[in-house]
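Here the protein sequences line up with chains P, V, W and B, keeping their order. Note that the numbering used here numbers the first sequence so that position 228 is 228, with each residue one more than the last. For any residue, its number in the numbering used here is found by taking its place in the second sequence, counting from 1, and adding 366. For any residue, its number in the numbering used here is found by taking its place in the third sequence, counting from 1, and adding 732. For any residue, its number in the numbering used here is found by taking its place in the fourth sequence, counting from 1, and adding 1098. Here a beta-carbon is modelled for each residue, glycine too, at the ideal position from N, C-alpha and C.
4 protein chains.
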Amino acid sequence: MSFNSFGHLFRVTTWGESHGPALGATVDGCPPGVALTEADIQPWLDRRKPGQNKYTTQRREADEVRILSGTYEGRTTGTPIQLMIENTDQRSKDYSEIAQSFRPGHADITYHQKYGLRDPRGGGRSSARETAARVAAGGVARAVLAQLVPGLRITGYMVQMGARGIDRARFDLEEIEQNPFWVPDAEAAKDWATYLDDLRKSHNSVGAVIEVTASGVPAGIGAPVYGKLDSDLAAALMSINAVKAVEIGEGIAAAALTGVDNADEIRMGPDGPVYLSNHAGGILGGISTGQDVVARFAVKPTSSILTPRQTVTVSGEETELVTKGRHDPCVGIRAVPVGEAMMACVILDHILLDRGQTGGLRGRIG
Amino acid sequence: MSFNSFGHLFRVTTWGESHGPALGATVDGCPPGVALTEADIQPWLDRRKPGQNKYTTQRREADEVRILSGTYEGRTTGTPIQLMIENTDQRSKDYSEIAQSFRPGHADITYHQKYGLRDPRGGGRSSARETAARVAAGGVARAVLAQLVPGLRITGYMVQMGARGIDRARFDLEEIEQNPFWVPDAEAAKDWATYLDDLRKSHNSVGAVIEVTASGVPAGIGAPVYGKLDSDLAAALMSINAVKAVEIGEGIAAAALTGVDNADEIRMGPDGPVYLSNHAGGILGGISTGQDVVARFAVKPTSSILTPRQTVTVSGEETELVTKGRHDPCVGIRAVPVGEAMMACVILDHILLDRGQTGGLRGRIG
Amino acid sequence: MSFNSFGHLFRVTTWGESHGPALGATVDGCPPGVALTEADIQPWLDRRKPGQNKYTTQRREADEVRILSGTYEGRTTGTPIQLMIENTDQRSKDYSEIAQSFRPGHADITYHQKYGLRDPRGGGRSSARETAARVAAGGVARAVLAQLVPGLRITGYMVQMGARGIDRARFDLEEIEQNPFWVPDAEAAKDWATYLDDLRKSHNSVGAVIEVTASGVPAGIGAPVYGKLDSDLAAALMSINAVKAVEIGEGIAAAALTGVDNADEIRMGPDGPVYLSNHAGGILGGISTGQDVVARFAVKPTSSILTPRQTVTVSGEETELVTKGRHDPCVGIRAVPVGEAMMACVILDHILLDRGQTGGLRGRIG
Amino acid sequence: MSFNSFGHLFRVTTWGESHGPALGATVDGCPPGVALTEADIQPWLDRRKPGQNKYTTQRREADEVRILSGTYEGRTTGTPIQLMIENTDQRSKDYSEIAQSFRPGHADITYHQKYGLRDPRGGGRSSARETAARVAAGGVARAVLAQLVPGLRITGYMVQMGARGIDRARFDLEEIEQNPFWVPDAEAAKDWATYLDDLRKSHNSVGAVIEVTASGVPAGIGAPVYGKLDSDLAAALMSINAVKAVEIGEGIAAAALTGVDNADEIRMGPDGPVYLSNHAGGILGGISTGQDVVARFAVKPTSSILTPRQTVTVSGEETELVTKGRHDPCVGIRAVPVGEAMMACVILDHILLDRGQTGGLRGRIG
């Protein structure tokens, strides 16, 4: 057990609080000989960085990553990689009130109940800032994957904000980088901008659904029964702040399908089996099929809002709380690169586990 | 890493195939001194047992559990508890055809691709029979919970079959034991009976959604960041055969809520904080609030159906497959006791982890 | 954490008590496609089996192993292998007295203090019978090693009984199978026979030192810093009942060496580096050098003896205890195959870990 | 698996290389509410610090620890504690030659063979500098132990340098702080000073044996069979650089004892059982007895010496190597605080595990 670690062979431990001097990730078990410098990691952090547009927190953090160990002359050595990001824009005075009261819908109260104390500055360990460390670790995973499985691509995007979904008929991955929501639907992007502006002005926030796909994943990654690829993905995505649901392939909608409709029928292609559909989201029995791995996760609305909500204080008095400070009106936006990072880490971990157990040999078909 | 284990301090390893001589679970880390005999476990297995009504597989298995180790004079000794269930009604001849072809939507093909071989008899390790071992381990967890946290109750039930949901206005837990679907809505039970009969006759199958709640869970169980109670629940439930989604509290619906609506406001009750709603499903920041822990999971339709589906053979020839044998038209039904068992094991594990780290002390409010 | 498991990718969990219905080992993470039947495992168990000569306990156990899962048509499938050994010669009446008193030097008292109860029949879980499960698991590891690294050989033997060592000048591995002590020195075998006879007649017992070597281990297996091959070997060997010390290479004697003497100087051979000595015992910095891996462990004398010893009862009364029953006068003898089994499991585990992380690629020299 | 982590509930991951910008330890699972600042940790680091006298490396490092996370207002919060120590006195030019040649007896060659590359500056990850991170983590463990088990004391000291032991008749713990060797025998201290001076002048080095005792450990800590307290101690101590043997209690000498002599007879004292001897070193069946836990470990001589030794280069040429640079003539000296730190971490971890599984309840005697 490690409360703050995930992964088995490629193992990531994150540490640090929102308003401490720094936060980071220790990456253990990284394959050796992989080209890696800060320049390979920083671009992924820049995508998650706060303060880039009016839809995210106005806290200004450079989120500059330093590699403190585990590389030599620009290549990984196989020893632990320490990734450190210094905090530079803490303003702890913003948080004096919530030290005494618990934000409804926030981890303030459960941390207090579990540990008997908590670091209230910016939410301490429960802050979404922790996800910067995940993104940094994901950058390492991507560098390794680029070398081990060059064709593998991981892409995240929003498919729902509040009650507003996208139109899959307009789905265009090119659009993702063109709007502040990473939404692959230009029309939705416009609509959501107005919608979120209004919400923010009314001192409110909203949830979201993010989809992450991995293409080029070799068949045979994962394992039964508790070492399933989807089981580990579920754990990894559910561990992201504010996530309340994880779906693989059809997800919840699979319940409404019949066996006839849900069967991903198989034909032979020139390089092996091909599937006529992908209800399974690329995973059968916990093991990858070679189709796209497709996962979705739902993020609840930010609980730190300017609308007063009823709550209690540490000393047990009833009160109303308005959360000032710099908060994302839709924390789901910045969860997109985080979801990608978790997908990258989980897939790499399972590729390593698989070659450990099986040597990476594959049962042929045909 | 253990591919076939879950849990940290209360650790369950299951083993066995559908048509081997036996299957079972090794339970390590069980607290000592807990009253435990086969009679404490068998009732939970009897609920999951196949062949009990026309809606489940007609395979006849007594599913009789034997405790081979870890107890002395009817009490746990703190050493590993081996739970063995012998298979008695294997009919491997039923499966000769699928040894050569891959059932679409089934783990046949991925096992073959990963391991280069597979046990085709009844699906081998990927069979839903593996879940009997989970239910047996869940019986041990329940016995421990009954001693450690007497008020804790875990209840599972179906809330959706195919596209048919329940009416929450008619929700009645008393109904669960009155119908073959464990559905807390008497009207739905009648409707689903007809619906499933028709599906079965048309050689089809269907998915389902199961909800599991745990009441009486103390506040403060769980941990940030990757040791979250909901993260472990997600992994545990996603590891159940055929599960494609896991939700906590509002789940996917949380995406459509605003922060104002999603806040579970807090007031002071006579014994501490009380909440005016439970959108969070009893978990904030990965740690229990003391409210009901509410999880849901979606089960896809059984892939073994009598309707022909296109597929390929091991030697790469295209073919059509009709899966004979004895299969559940809605495997979600028998997933109800399995979901309960996973909830029991995960909650017990986190109770033990919590008292390990914190001594079980709690930060007071008021 | 699993209290009753060891290994990382090749993971063994043992279960069962001395006088329960059965005991066994669950082996998870075994590579698929390896030829394996009971006939591959039984010979190793037969070596450890009690009652084979007058120097071991007279308990008669067939120690017949059954594979309950994880193989299909004589090959491993990659899923958990359950190895079960039924107990057939329990005589629990022998143990009525020690249920009330604690044998000095035995785990009776600490089990009682930790768990509040214990299974006193034959020592329950603390019995040396548990090691049968290790030997069975070691048989699986050997079968896998035979396929992965055909030249690898693991050999255990006694090098000391009581204060009597062997003469390394007479060292002859051929002798191991010629005497009841697995001692590679024919003279010592004769001497020890007389010595042990006398001890047994005087109602006493004695300790031993066992050496286990593995030849043919590829260079590069193991890892810094806490994943060291020698660190895992130390844990594995120290976990064997009654072991009080573990040495690698020179072991304790390394303390008395100077750096000049201890340096294993290196020359180039036709196939790479060769060493002029092996003080290191085949491991540098936790990673194998390609030389023989050499480990030794010391086993204390059996604590169950017929000579009366002072002790206390569960109710706190002072008393004298004579342990009747069937006990080994030198439990170290039967520890030889156990040490071999642990070596086999640890080396296989590290071979799998290594190919997981590095792909099994090796840095060339020359 | 984590190659660079140890512990289960109290889990330590170290990172960093000898000549990188920094090194450190991430401590996960620390109990909350424990008073902890840098001032609680620094004194332990100061004991291990290089350059304090002529018997250790002349590298000058302040070894100043910074707590980057996991505390708030001077108390632990239960979240990961990041301990960072910056390297300030790297002189990598010293190491240019060993980048091309492998020091005999050093991990240079195995790192190269495993990873295909290595950081040669100061030995990189294999440097004894890594042990600073252990000592820092041990400081955290001690702070927790001071609160949980106030009477517990952990003391390390040297009992052998080269072939020179101590005289147990002169054993005096007060002496430990009076000499540069932490030897509890004033006469030995004088003798060793001369001995080591001579060795250093003759460009040689020497091994050592260190003993670490923990008094005040409650009975009942540890677990069978692979979760044994002594098994974890063996792994932890064997993981320290240059360690080649670990002993518990009598250690290797237990082999030469008879069962009559080795039995630690038990009498009743006013507060429970008392033992007439402690051959067991405080551990029976892997579980603490309440007596002093006694462990010893042997450290081989430093392999970096000024005497030329035969070796090969990366390109496979035979050569002779003289290791310049600043090295300890007896690295065992600075291993004393490291051994203490490992003992502290292992014991705390097992105390937490025990209260997790059993609630810390104890079976009474009398």
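DSSP, reduced to helix, strand and coil, places V/D394 within a strand of the structure shown. Inter-residue distance for B/Q1245 and B/T1135 is about 14 Å (C-alpha atoms, whole angstroms). Judged by beta-carbon spacing, B/R1262 lies beyond the 8 Å limit of B/D1283, meaning their Cβ atoms are not closer than that value.
Taking a Cβ-Cβ cut-off of 9 Å, the neighbours of B/T1456 in chain V comprise P397, P398, G399, G444, given in sequence order.
By DSSP's assignment, W/Q892 forms a beta bridge with W/G897, W/V941. DSSP, reduced to helix, strand and coil, places W/P836 outside both helices and strands of the structure shown, so it counts as coil. A distance below 7 Å between beta-carbons, with the five flanking residues on each side excluded, links W/I1037 to the following residues of its chain, in chain order: H935, N936, S937, T1055.
A Cβ-Cβ separation of about 7 Å places P/T311 in contact with V/E631 under the 8 Å criterion. DSSP places B/E1228 inside the alpha helix (DSSP H), whose first and last residues are 1228 to 1246. Counting of Cβ neighbours within 10 angstroms places P/L276 among the exposed residues, the total staying below 16. Straight through space, the alpha carbons of V/I649 and P/T57 are spaced by roughly 25 Å. In the DSSP assignment, W/Y804 forms a beta bridge with W/R807. Taking 3 residues as the shortest admissible run, the segment 251 to 326 of chain P contains the following complete beta strand (DSSP E) segments, listed from N- to C-terminal end: 266 to 269, 272 to 275, 293 to 299, 309 to 312, 318 to 321. Within the DSSP secondary-structure output, W/F738 pairs in a beta bridge with W/V744. Contact between V/A585 and V/T655 is confirmed by a C-beta separation of about 6 Å, below the 8 Å threshold. Counting along the chain, the unbroken alpha helix (DSSP H) around P/L353 starts and ends at 335 to 358. C-alpha of B/V1315 to C-alpha of B/Q1389: approximately 7 Å in a straight line.
Under DSSP, P/V225 shares a beta bridge with no residue. Excluding five sequence positions before and after V/V702, the CB atoms of its chain that fall closer than 7 Å to its own CB belong to G522, Y523, M524, W548, I576, given in chain order. In this structure P/E130 is buried. Its beta-carbon is surrounded by 16 or more other beta-carbon atoms within 10 angstroms. Close to chain B, meaning a Cβ-Cβ distance shorter than 9 Å, are the following residues of the segment 13 to 26 of chain P: T13, T14, W15, G16, E17, G20, P21, A22, L23, G24, T26. Within 8 Å of the CB of W/P956, the CB atoms of chain P belong to T79, in sequence order along the chain. Using a C-beta cut-off of 8 Å, the segment 498 to 516 of chain V makes contact with the segment 389 to 403 of chain V, since at least three inter-stretch Cβ pairs fall below that distance.
Residue pairing by DSSP places W/T887 opposite W/T945 in a beta bridge. DSSP links B/M1336 through a beta bridge to no other residue.
Against chain V, the beta carbon of P/P301 has neighbours under 7 Å at L623, T624, G625, N628, listed in chain order. The CB of B/N1302 comes closer than 8 Å to the CB of T990, G991, V992 in chain W, given here in chain order. In this structure the segment 707 to 725 of chain V does not touch the segment 828 to 837 of chain W; the number of beta carbon pairs closer than 8 Å is below three.
Bounds of any beta strand (DSSP E) do not take in W/L928; it lies within the alpha helix (DSSP H) bounded by 918 to 933.
The beta carbon of P/S2 sits closer than 8 Å to some beta carbon of chain B. For P/I41, the enclosing alpha helix (DSSP H) stretches over residues 38 to 48. Between P/Q82 and chain B, the shortest Cβ-Cβ separation is below 8 Å. DSSP places P/E177 within a helical segment (H, G or I) once states are collapsed to three. Secondary structure note for W/L815: its beta strand (DSSP E) is the uninterrupted segment 813 to 818.
Interface with chain B (8 Å Cβ-Cβ cutoff): V/L719 is included. For the set W/L815, W/H844, W/Y787, W/D1003, the Cα lying nearest the Cα of B/L1459 is the one of W/H844.
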